Amino acid sequence: MTATVEPTTATSGPDPPLAEARRGFGADLWRAVARNRKALAGLVLLVFFLVLAVFPGQIAPHDPQAESYLPGLGPSSHHWFGTTAYGQDVLSQLIWGTRQSVVIAFAVGGLATVLAVLIGVSAAYLGGVADGLLSLLTDVLLVIPIFPLIIVIAAYEKNSGLFTLVIVLGALGWSYGARQLRSQTLSLRTRDFLESARVRGERKLYVIVFEILPTMTSLIVATFLGGALYAVLAAAGLQFIGLGDPSSQSWGTMLYWAENNEALGANMVLWAIMPGICVAGLGAAFALLNYAFDEISNPALRMRRLDRTIRGSSKGDRVDVSVDPERILEVRGLTVAYASDEGPVVAVERVDFDVNRGEFLGIVGESGCGKSTLLYAITRLLGPPFAGEIMEGQIVFQGRDMVALTERQLRHIRWREFSVVMQSAMNALNPVLTIAAQMRDVCKTHSNMTAKEIEERSKEVLRLVSIDPIHLHSYPHQLSGGMRQRAMIAMALLFTPDLIVMDEPTSALDVVGQRSLMVQIKELQKRLGFAVVFVTHDMSLVSHFSDRLLVMYAAHVAEFGKTRQLFDQPRHPYTRALLEAFPSIRGPRVHLLGIPGSPPDLARPPAGCRFSPRCPHVMARCRSAQPPLFDVDGDLVRCILYEKGAAPDATLATASEGAV
Amino acid sequence: MRFVLRRLGFFVVTLWAAVTLNFLIPRLMPGNAALAMMSRYKGRIQPQAMHALEIAFGIHTHQSLPAAYFTYLGNIARGHFGISLTFFPDAVSHQVLQALPWTLGLVGLTTVIAFLLGTLIGLVAAWRRGGFLDGALPPIFVITSAFPYFWLALLAIWFFSIKLGWVPESGGYDVTTTIGWSWTFIGDVLRHSILPAFTILITSIGGWILTMRNNTISVLAEDYVRMARAKGLKPWRIMWTYAGRNAILPNLAGFAMSLGFVVSGAILVEFVFNYPGVGWMFLQSVENQDYALMQALFLLLTVAVLVAILVADGATALLDPRTRDSS
Amino acid sequence: MTEPLLRTVGLTRHFRVGKLLSRQSLHAVDDVDLTIGKGEIVALVGESGSGKSTIARLLARVYKPTKGEIYFEGRPLSRLRSRKRRLAYSSDVPMVFQDPYSSINPAYRVVHGIARALRLHRGGLGRKGRRGEVERVLDAVGLVPAAAAARKFPYELSGGQRQRVGFAQALAFRPKLIIADEPVSMLDVSIRIGILNLMSELREREGVSFLYITHDVASARYIADRVLVMYAGHLVEEGPTEDVLQRPKHPYTQLLLSAVPDPRAELGVSDKTDVGEAPKVVDPKEGCRFQPRCPYAIARCETETPVLRELGTRRLVACHVAEADPQDLLDGNDAGNEQSVAGRVGRR
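Residue numbers (this note's numbering), protein chains in the order written: chain S, 1 to 660; chain W, 1001 to 1327; chain D, 2001 to 2348.
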């Protein structure tokens, strides 16, 4: 596929690095195919038929046309599949018939793909009137039943040969692929790398051929495979009803003669069955490959199994359940892992923390540090795309171990006792239901409220978040971004739960909206008394709102303590560096350094302290052993600088004062 | 409202395209098939039949192409499809109307059942991810989707009719029973339709199952499904109104798009079973070179697909408020 | 004043929205005059939908202006007729995009974008020269070892590294002005500063000017010499960074600044929470576009669109109510002399 990529510019051959770039992409594709069982099965079948198609003379035991045997023989060692009513060898006919099906499949598939790419991609890329006309053409052709149309054409052009068949099938069969390629291109059109190519000054043709097409390899392959499958079936069907060339050697023609001689009734069963099996076999080769490609290009369709060997032993064990009524959530030794192509990834490792009644706890971390996994673990909402599993630990919520609860038991405490607010309301609200309907279904599940009471309550919570209740019966897409986000918070307040877990609820908003939403959350919290667990990547956002902060780094708790103290006197080098990474709008302008490197890949975490590769205070010991959490004046810090006896505060403090 | 208008506009354009294709194909074929055909029949058939051909091809002895085209359009618009050669001197439209109920009953009903059942199975398979349905179905139906309809029909006849003798092997009803609303007749029709219906069901259901399963799997990873779980809704409620209702939307679009494929399969199935429907009649007309009938049936098939697409569109608009607003 | 590097006059871009019958026009950018000096880093600040990305695309010639003109080194862009001249401009003014995950073609290795840029714009280099240049620019943005980095696929890179590739592609043109559209907003906090510092360094070492487009006022302060504030398609305030940030005059700038979370400041939760949002400007009427949200709005604001007027040294504000403070008129020079962290190259 990628081998066809050749620069159009009139200079010498391709750059060596460019050539290499293409090879690498093909190799990746190949590896993905080799891993997939369906793809392999399809490939084996296809190769089998290809060999038959190329070397029929060498493989077939008899002359397929010679009517030199007894008619209607059953299967024997001499004639594996018996003979036809005309005394021909069925097996040899099958083998010789392969060629035509394969040729039709590849020719039609190829022709349809070329047309689909040309029409689909240019429609999307050109836009405007051209797009309108081409799309209409595509849609019309998609609706007109092609097979009957081909029959109509064949009726005027009796005994049409292979060539006509290929042209007609190909010329009519591109619309499905064109439609998909068009929508895929449309979604790519606004992608920055195309804009980047345009800004660079590339010509339109270059952009289409060398920037758009290579990224759509899997869809193009799918179009080809779909076209090939359709061609094999359609050609067999046409030949079967006698619209092909009855003297040609093909499976469809075999079926035509078999049917005309009532082979099934006349005990020449294999004559009628085998060609069908061959059609189905070749078709299945394309269908399997097509399906496998779908799986490869859409990883969500693949199932990965989690390697259980890393499971700990304490999951679900009854340990002393907290009785402190002030402590509504207590997480102990929580470990969460998920399966990936490179083996199990531990996204959250032995995390402990607790939340008090009415407290605002901030969980801060960069992307991929496990904060979202942690959040969905404590709410027992793991599942795709956070398809992790709790391997170890307890989540004690209001005296119950959430890990040990069944789905059914969980359902009774959900939303009444704790609710969840997600990052993007656009995705978290069901697009096909009104806000009212989405509030109604939760009220109906958890209470006996009447329809009127539900309506009243819904309006009441909307007012709480300053949304005019007239929006209650709107669909999510009819609201503005800020309103959607507020509506989701309103929904979380329906039963005034004890805990609301929030996953970056403001990150989709602008600074001004962000600020006002934060203020509102804080006010509601003061008024209604619920506790908040607030996950964010932006430490400064929660600085004025959270009581305590939990800083996560690479699946571990790095630091956990009072917010004010953490900001005034950050202890972990990561926390310190993170704080110093924010430029300020006040005070003197200073040069900041940021943190060198990037957060580690959790599939291959560094040995020892996970921050050690980026840490300015790193020591030899940091690279050998993972430091435990040290208690420093009630603040928990995972850094050996705070080992008992060490007094690092002085050195670090002076360093930081110089910087801030 | 604009949405409805736009879809109706599309309906008209597609219909026009199909009619025009009908008009153009005989002329565009090498050697102008229409004229050749006319001269071949001249003097051999009755003037009335000749006239039928004239209408079918829109050829009025010495008319110019555009004029012929408009005469043709006019005839089609008034429902004048000419006279069938096969069932001479019966009008084509009458013949078509006789075949239509059989096809609607068999193909129409079976297709709808296959779609609904396939969608349901796909939804459940995805919902119980990793369960038996989910593990067994995809590979099976990927392969059955490659089976030729007509071949499966042959096999079914061979096994259930010839070998086991359970059901009749062809036709829509037993010629010895009287046609009418009697229980014997209805039972007979049902007995005749089991096998073809089964064939269509088996070969077409796989596609719906697979696409619905894949759609549902993608939808299950959406935030709103997680949100529904967080709300503690009952599982069946999440499955229907959160996962199912969103996952079926692309399936409805797919339904519209692959209907042409189903129709082609159904034609062959009717042919194999000698089922007295539109598909069988269509192939008969091809066999007998009854072009008037053939063209009318081709238009009918196009209209059938278009109507089904409009229904699917309507269902989409009903289920998805965004389609209603975006237009 | 000498001719600046880039200057726009009445730059306007409208988009048509709606269907045939209800054709409306969305005013993404209206009547914007801005200048960028040689070696200067200018920050363009505003909320999403304020039109700042549209300005970036107008300057990069992705969009054509509906009205107005862009002058680059004194020459109007609308006169660039030949492909050669247009290519020359696009190599002088490349662009770095917001989303590092979508700005590099996933099907190609890192080297692809850079090599294409060299091939298009510096054809005289030859194969060997190109390879050397690829390594030079990758090295310049801190991707070392450069030869290995060039052979990587985008999925093998982190977000920060990808964004560096974006800058390397821009550098390959030997640019005079890089338009950076929110280059750090999608990156992790810990690596943002690295990219901002990279921009300052490139300005110092290669003498490149930057138009830094952002919604993050603090990062604008960190690297920019001058800041322009946009609201709903209009430029509402501009001036030297420190001046604008310490003494914002436009009510919108004030609102924006008050919303910036600052852990170092005292907790000051204001009671009047603003729940308004920046409007989509469709077929606007005369009048100030911030007026519905403005606490200081007067009658005139509803009927007359304010234009930028000079209030203090190098300070421009588009507001009927804002006034120059006397202190600014007296010792405005003082603030004007303050320099950014790395801002020592460009002075007008």
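Built from N, CA and C at the ideal position, the CB exists for glycine as well.
Quick caveat, the model's predicted, so the values are computed rather than measured.
CB contact check: residue i to chain S, cutoff 8 angstroms
i: W/M1239; result: no
i: W/Y1224; result: yes
i: D/S2082; result: no
i: D/M2095; result: yes
i: D/D2225; result: no
Delimiting residues of the alpha helix (DSSP H) encompassing residue i
i: D/L2211; result: Looking at the DSSP string, D/L2211 is not in any alpha helix (DSSP H); the run it does join, the beta strand (DSSP E), is S2209 to T2214.
i: S/G580; result: A quick correction: the sequence has Glu, not Gly, at residue 580 of chain S. Counting along the chain, the alpha helix (DSSP H) containing S/E580 begins and ends at P573 to E580.
i: W/N1215; result: W1183 to L1220
i: D/H2112; result: V2111 to H2121
i: S/P391; result: It is Met, not Pro, that sits at residue 391 of chain S in the sequence shown. Run containing S/M391: none in the alpha helix (DSSP H); it sits in the beta strand (DSSP E), E389 to F397.
i: S/A112; result: V90 to L126
CB contact check: residue i to chain D, cutoff 8 angstroms
i: S/G132; result: no
i: S/T215; result: yes
i: S/S313; result: Its pLDDT being 42, under 50, S/S313 is placed unreliably by the model, and the measurement read from it follows with that caveat. Not an interface residue.
i: S/A171; result: no
i: S/A21; result: Model confidence at S/A21 stands at a pLDDT of 41, short of 50, so the residue's coordinates are unreliable; what they give is reported in the following sentence. Chain D contact via Cβ: present.
i: S/Q514; result: yes
Cβ neighbour criterion (16 or more within 10 Å) applied to residue i
i: S/P590; result: In the sequence on display, residue 590 of chain S carries Val and not Pro. Classification of S/V590: exposed, given that the 10 Å Cβ count is below 16.
i: W/T1014; result: buried
i: D/E2302; result: exposed
i: W/I1140; result: exposed
i: W/T1302; result: buried
i: S/F55; result: exposed
i: S/H572; result: buried
i: S/N260; result: exposed
i: S/R576; result: buried
i: D/R2130; result: buried
i: W/L1318; result: exposed
i: W/L1005; result: exposed
i: W/L1190; result: exposed
Inter-residue spacing [alpha-carbon to alpha-carbon] between residue i and residue j
i: W/Q1284; j: W/Y1291; result: 10 angstroms
i: S/K315; j: S/I395; result: For S/K315, the predicted model reports a pLDDT of 45, less than 50, meaning its position is unreliable; a value from the coordinates is still stated below. Straight-line Cα distance between these residues: approximately 10 angstroms.
i: S/G227; j: W/G1244; result: 29 angstroms
i: S/R416; j: S/Q520; result: 21 angstroms
i: D/V2110; j: D/E2156; result: 10 angstroms
i: S/S367; j: D/R2007; result: 39 angstroms
i: D/P2183; j: W/R1226; result: 32 angstroms
i: S/A347; j: S/A554; result: 8 angstroms
i: W/L1299; j: W/F1115; result: 24 angstroms
i: S/H473; j: W/V1124; result: 30 angstroms
i: S/I310; j: S/G333; result: Bear in mind that a pLDDT of 47 at S/I310, under 50, signals an unreliable position, so the model cannot answer this.
i: S/Q180; j: S/L137; result: 14 angstroms
i: S/L469; j: S/M439; result: Note that residue 469 of chain S is Pro in the sequence shown, not Leu. Spanning the two alpha carbons is a distance of roughly 13 angstroms.
For residue j and residue i, believed in contact at Cβ under 8 angstroms, the rounded distance
i: S/A105; j: S/F286; result: 7 angstroms
i: W/L1106; j: W/S1204; result: Actually they do not touch by this definition, with Cβ atoms about 13 angstroms apart.
i: W/G1122; j: W/M1212; result: 3 angstroms
Residue range of the unbroken beta strand (DSSP E) whose run includes residue i
i: S/T379; result: Segment: none, S/T379 is in no beta strand (DSSP E) and carries neither H nor E.
i: S/S480; result: Element bounds for S/S480: n/a, residue is neither H nor E.
Closer than 8 angstroms to chain W by CB, residue i
i: S/R35; result: no
Proximity test, residue i beta-carbon vs the ligand MN heavy atom, cut-off 7 angstroms
i: W/F1261; result: The ligand MN is absent from the structure shown, which contains no ligands of any kind.
* Asked: What residues from the stretch 2032–2062 of chain D come within 8 angstroms of chain B, judged by C-beta to C-beta, listed N to C?
  -> Absent from the structure: chain B. Protein chains present are S, W and D.
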